[in-house]
Amino acid sequence: MQEAINRQINRELYSAYFYLSMSVYFESEKLKGFANWMRMQAREETGHAMRLFSYMAERGGRIIMQDIEAPPIEWDSARDVFEHTLKHEKKVTEMINNLMGIAKSENDIEAQKAIEWFVNEQAEEEETAEKILNDIKERGLQEIDKELAERK
Ligand SMILES: [Fe+2]
Ligand SMILES: [Fe+2]
-5 MQEAINRQIN RELYSAYFYL SMSVYFESEK LKGFANWMRM QAREETGHAM
45 RLFSYMAERG GRIIMQDIEA PPIEWDSARD VFEHTLKHEK KVTEMINNLM
95 GIAKSENDIE AQKAIEWFVN EQAEEEETAE KILNDIKERG LQEIDKELAE
145 RK
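Going by our numbering, the first residue of the sequence shown is number -5, and it counts up by one from there.
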């Protein structure tokens, strides 16, 4: 369980890195609202890592910091970015479900409670990515960019 949570902490930090890289891409495309949204998303992912970090600390687990994989740095379009975002979040959902499976097999109730929060969060993450992707397909980028600039 400890090993699996350690791995998840690393992947949440990777997620932050991944979205920061997307933010850089949007800056270069002069889509400031999208860039802002991605910066906020990265902050949220750091929050996820810290949530697991605190959980481990509370339970006296040993956290082992490992290399954080380098994210991609180029995309073809805003649509391409959000297709990758959705794909990434689906993969994370799989990881969280896997984590829950381990917690259940080890009969670790505390871990199950902690992971439950992430199960709900992932449903939201997928929904949000899907919504923005659909918006990109149907509406003008500049209009969406204005809306995404408002995320705090
Ligand atoms: Fe996350
Ligand atoms: Fe996420």
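Even glycine gets a Cβ: it sits at the ideal position worked out from N, Cα and C.
For clarity, every value in this text was computed on a predicted model and none was experimentally measured.
Compare the Cα-Cα distances from residue i to each of the options and report the closest residue.
| i | options | result |
| --- | --- | --- |
| E137 | N92, G27, S15 | G27 |
| M44 | N4, F76, H78 | N4 |
| A72 | D102, R145, K146, I130 | I130 |
| E63 | Y13, D139, Q116, E118 | Y13 |
| K24 | E144, R1, D139 | D139 |
| D61 | E6, M32, A143 | E6 |
| M16 | V113, E132, P66 | P66 |
| E(-3) | E83, T122, G55, E68 | G55 |
| M34 | V86, M(-5), A10, L80 | A10 |
| Y8 | V86, D74, N101 | V86 |
| V75 | T122, I58, F20 | F20 |
How far does the alpha helix (DSSP H) with residue i in it reach, from first residue to last?
| i | result |
| --- | --- |
| E(-4) | A quick correction: the sequence has Gln, not Glu, at residue -4. -4 to 22 is the extent of the alpha helix (DSSP H) around Q(-4). |
| D129 | 103 to 132 |
| K84 | 72 to 99 |
| D139 | 135 to 142 |
| A29 | 26 to 52 |
Quick test of your reading: residue i and residue j, contact by CB under 8 Å. State the CB separation rounded to the nearest angstrom.
| i | j | result |
| --- | --- | --- |
| E119 | E83 | 5 Å |
| L46 | Q2 | 6 Å |
| N30 | R145 | 6 Å |
| M155 | I96 | Because the chain here runs from -5 to 146, residue 155 falls outside it and cannot be looked at. |
Item to check | the region 89 to 97 contacting the region 106 to 115, beta-carbon criterion three pairs below 8 Å | outcome: Taking 8 Å as the limit for Cβ pairs, the verdict is that the region 106 to 115 does touch the region 89 to 97.
Checklist entry - Per the contact definition of three or more C-beta pairs closer than 8 Å, is the region 124 to 133 in contact with the region 33 to 52? => result Here the region 33 to 52 does not lie against the region 124 to 133, with fewer than 3 beta-carbon pairs under 8 Å apart.
Checklist entry - When a residue counts only if its C-beta is closer than 6 Å to some heavy atom of ligand 1, which residues count, in chain order? => result In chain order, the hits are E6, S9, E39, H42, V86.
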